[in-house]
Amino acid sequence: MYGRVYVKTSAADAIALKSGEPFALAAIWEMWREPKTGEDIKTFAVLTCEPNEMMATIHDRMPVVLHSSDYRRWLMDPDPSDLMKPFPADLMTMWRIDRKVGNYKNDTPDILDVAPPADLFE
Numbered sequence: 012m013y014g015r016v017y018v019k020t021s022a023a024d025a026i027a028l029k030s031g032e033p034f035a036l037a038a039i040w041e042m043w044r045e046p047k048t049g050e051d052i053k054t055f056a057v058l059t060c061e062p063n064e065m066m067a068t069i070h071d072r073m074p075v076v077l078h079s080s081d082y083r084r085w086l087m088d089p090d091p092s093d094l095m096k097p098f099p100a101d102l103m104t105m106w107r108i109d110r111k112v113g114n115y116k117n118d119t120p121d122i123l124d125v126a127p128p129a130d131l132f133e
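So this is what it looks like as structure tokens:
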């Protein structure tokens with residue numbers, strides 16, 4: 012019998028720029044009118060691309076991360092599609108954090124602290 016084996020872990024991953032600077036994700040947005048109610052609806056989608064070497068260890072896609080020098084171009088250029096590429100892995104860092112980050116009630120300063128190593132027999 013073939014199948015997938017899922018292991019529940021008690022950790023998630025945090026990702027940041029090594030410089031500590033904030034970063035922006037490339038996204039598109041649209042406002043449309045709901046036909047039945049006439050309500051204006053604002054929607055958006057974060058764009059993804061192939062992962063860089065670091066992100067490939069956790070997923071087969073990654074958000075398009077923009078260099079701060081490209082923010083204006085992303086917003087104003089009629090065709091910024093060449094920006095939709097993996098961000099350099101050597102400028103990023105990743106560390107394990109507790110899965111409590113997935114619950115909005117956990118709004119504490121330690122939310123991004125490094126998680127203790129997982130216990131195989133938890």
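Residue numbering for the sequence shown follows my numbering, starting at 12 and increasing by one per position.
Where is the CB? At the ideal position from N, CA and C, for every residue including glycine.
In this structure, how does DSSP classify Pro74 when only helix, strand and coil are distinguished?
strand
Pairing CB atoms from the segment 116–128 with CB atoms from the segment 80–98, are three or more of them under 8 Å?
no
On the DSSP bridge list, what partners appear for Glu41?
Thr54
Would you report the Cα separation of Ala27 and Trp40, rounded to the nearest angstrom?
24 Å
Which residues mark the beginning and the end of the alpha helix (DSSP H) in which Met87 is found?
82–87
By Cβ distance below 8 Å, which residues in the same chain neighbour Leu36 in space, the five residues on each side in sequence not counted?
Val57, Leu58, Pro74, Val75, Val76, Leu77
How many Å lie between Asp121 and Ala23 at the Cα?
14 Å
Delimiting residues of the beta strand (DSSP E) encompassing Asp109:
103–109
Taking Cβ to Cβ, would you say Met65 is nearer than 7 Å to Lys53?
no
Would you kindly work out how many angstroms separate the C-alpha atoms of Tyr115 and Phe34, rounded to a whole number?
21 Å
Contacts around Lys108, its chain only, beta-carbon distance under 6 Å, and the 5 residues preceding and following it disregarded:
Reading off the sequence shown, one finds Ile at residue 108, where the question assumed Lys. Ala23, Ala25, Leu123, Ala126.
Which class does Tyr17 belong to by DSSP, given the choice of helix, strand or coil?
Because the pLDDT at Tyr17 is just 49, under 50, the model does not fix this residue reliably, and the point stays unresolved.
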